[in-house]
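Accompanying notes for the structure given below.
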Amino acid sequence: MEQRYYQKDMETMPVEELKKLQSEKLVRQVQHVYDNVPYYRDLMDKKGVTPADIHGIEDVHKLPFLTKADLRDAYPYGLLAKPLKDCVRIHSTSGTTGRRVVAFYTQHDVDLWEDCCARAIVAAGGSEEDVCQVAYGYGLFTGGSGLHGGSHKVGCLTLPMSSGNTERQIQFMTDLGATILCCTPSYAAYIGETLHEMGYKAEDIPLKAGIFGAEPWTQEMRRNIEESLGIKAYDIYGLTETSGPGVAFECCEQSGMHINEDHFYAEIIDPDTGEVLPEGSKGELVFTALDKEAFPLLRYRTRDICVLTRKPCSCGRTHIKMSKPMGRSDDMMIIRGVNVFPSQIETVLLQEGYQPNYQIVLDRVGNSDTFDVNVEMNADQFSDTVSGVTSQEKKLAAAMKTMLGINPAVHLVPPKSITRSEGKAVRIIDKRKLHD
Ligand code: ADP
Ligand code: ZN
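Numbering (this note's numbering), first residue to last: 670 to 1105.
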């Protein structure tokens, strides 16, 4: 298949040239931040590094890290590098982990961000022939605006649906012939489920591709969504701190996301020691924004755990690829001393033939953790006998024990009893925190 790109020169730039470009941008960016962000200048002073020490991208490790805690300390204006009169937009994190972050954008920042999203849409096969339904939330959350802007840049006919009102989503999708859907993967799964309930089949809709991100999702969930909507489902990654979705996106290979390296320099570090790890190691992803004007974070620790690889990709893009984040370190639960990610539970459910509708409830009785997983039964199980259900629960618990090394109490609950997500899914209810 002939490859199409939104910005071919940048996306396929030879690696040596890319390094040179990153080096020039980094030198300029460090000076910009040093001159305009006293908070970061202090961190540099404490580490004994000045802009004169940064000659190119190979010096990036000399710079101090920036963390979520710094963003909280500096809230709201402490990391702003441009006067407010030069800023045109504010976004905020969705607060998944209870910590809100506000980010500022100049018009130039918005432009580059939308370019990144446009690259993702073109990589998923999008063009001006497409009708692009944006069902990410609009507003402070970056998902809606980012993909909306990208869709305009590509020239798609843009349907700014925002999230929610699922039946109307489907009505517009069918009436107006949407060919690309952008939303969170959990909402895509819900749209698929509703579509079938409304009596449609995947073949009845012209949808061909989906661009799904903003939360972790497994390969099993990808297959599930692809089947139910009859599409190819592409991953997209980003965070408010780095502008929003579009920092990295999947190409036709669907095997990891190309990081837009002309704008973002990525490192993997050991989350405990801060040591930079070689390519191919699993660790915490750290970004340096090379072009951002208003909110230019340097060496920002994302808390997302993944692996970077620069194997040549059949799509022709030269930019390094990141694996799907294996869950953010914030999402990791420590249950009875064992590390557990919701994605592991999701994998078991889909392997055992369940839908990814589940909720994990943690509590503490005395000194020990209770670990319950509520899972929706399939329609046919609903009419099963009590003993049939109990044996299914035991079977699921055993499969989870094999995956996790600890034993959950699994409860099959009636179909539709777990609240569906229109944005990021809430998978964990940790009541233990109330006692801390
Ligand atoms: P919040 O931290 O409140 O969720 P954001 O909306 O900025 O705020 O979310 C960014 C985070 O979402 C990332 O750090 C990452 O953990 C998660 N995320 C975004 N895209 C993906 C993706 N494609 N796969 C897995 N996780 C993702
Ligand atoms: Zn590729």
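Ideal placement from N, C-alpha and C gives every residue a C-beta, glycine not left out.
Just so it is clear, the structure is predicted and the values come from calculations on it, not from any experiment.
Could you pull the start and end residues of the beta strand (DSSP E) that residue i belongs to?
i     : result
F1119 : In this structure the chain extends from 670 to 1105, so residue 1119 is not present and cannot be described.
V702  : It is not in any beta strand (DSSP E) - V702 instead sits in the alpha helix (DSSP H) that spans V684 to N705.
V1009 : V1007 to V1009
S647  : A question about residue 647 goes unanswered here, because the residues of the chain that appear run from 670 up to 1105.
I1097 : I1097 to D1099
I905  : K901 to L908
G952  : K951 to A958
Would you call the CB atoms of residue i and residue j closer than 8 Å?
i     : j     : result
D973  : P994  : yes
S1012 : T853  : no
P940  : G952  : yes
T828  : T848  : Thr is not the amino acid found at residue 828; the sequence shown has Leu there. Going by C-beta atoms, L828 is not nearer than 8 Å to T848.
F956  : A750  : no
V791  : R673  : yes
Q1028 : I1087 : yes
R986  : S1037 : no
G882  : Y906  : yes
E1015 : E889  : yes
E797  : V757  : no
Q676  : D778  : no
E895  : H988  : no
Might you give, ordered along the chain, the residues of its own chain that have their beta carbon closer than 8 Å to the beta carbon of residue i, omitting 5 neighbours on each side?
i    : result
G925 : E919, T978, K990, M991, S992 and K993
Y708 : D739, D742, A743, G747 and L748
S897 : A858, G861, E862, L864, H865 and A871
W782 : Y774, G815, G818, S912, G913 and G915
Where do the ends of the alpha helix (DSSP H) carrying residue i lie?
i    : result
I790 : Q776 to A792
T971 : Element bounds for T971: not the alpha helix (DSSP H) but the beta strand (DSSP E), Y969 to T978.
V823 : T811 to V823
I894 : Q888 to L898
E680 : K677 to E680
Excluding five sequence neighbours on each side, which residues of the same chain lie with their C-beta closer than 7 Å to the C-beta of residue i?
i     : result
D1032 : T1039, K1100 and R1101
N1008 : M1001
L959  : Q691, K694, L695, Q698, H932, F933 and Y934
G846  : V800 and P875
C786  : G815, L816, G818, G819, P914 and G915
D1105 : Confidence is the limiting factor: at D1105 the pLDDT is only 42, short of 50, which leaves the residue's position unreliable, though a coordinate-based value still follows. No residues qualify anywhere along the chain.
S842  : First, the residue type needs correcting, since residue 842 is Met and not Ser in the sequence shown. So the qualifying residues of the chain are Q802, I874 and L876.
R837  : none
L954  : A935, I937, T971, D973, C975 and M991
V945  : H730, E936 and I938
With a threshold of 6 Å on Cβ separation, who are the neighbours of residue i within its own chain once the five nearest residues in sequence on each side are excluded?
i     : result
S761  : R769, V771 and L809
G725  : S692
V1030 : D1041 and I1098
N1026 : E1045 and I1087
C921  : C984
S855  : S1090 and A1094
V1058 : L1081
G794  : A878
V976  : K951 and S992
Counting only C-beta atoms, is residue i closer than 8 Å to chain B at any point?
i    : result
F841 : No chain B is part of this structure, which consists of one protein chain only.
Would you say the beta carbon of residue i is closer than 7 Å to some non-hydrogen atom of the ligand GTP?
i    : result
L908 : Absence of the ligand GTP from the depicted structure is noted, with the ligand ADP and the ligand ZN being the only ligands included.
- Residue ranges of each alpha helix (DSSP H) within the region 1034–1093, 4 or longer: Listed in chain order, they are 1048–1051 and 1055–1073.
- Could you name the residues whose beta carbon sits closer than 6 Å to any heavy atom belonging to the ligand ZN, keeping them in chain order? Chain-ordered list of matching residues: C920, E922, H927, C982, C984 and R986.
- Task: Please list the segments of the alpha helix (DSSP H) lying wholly inside the region 701–749, counting only runs of 4 or more residues, in order along the chain.
- Result: Along the length of the region 701–749, whole alpha helix (DSSP H) runs at least 4 residues long occupy 707–716 and 737–742, reported in chain order.
- Whole runs of the alpha helix (DSSP H) within the region 832–865, excluding any shorter than 4 residues: List check, alpha helix (DSSP H) in window: 835–844.
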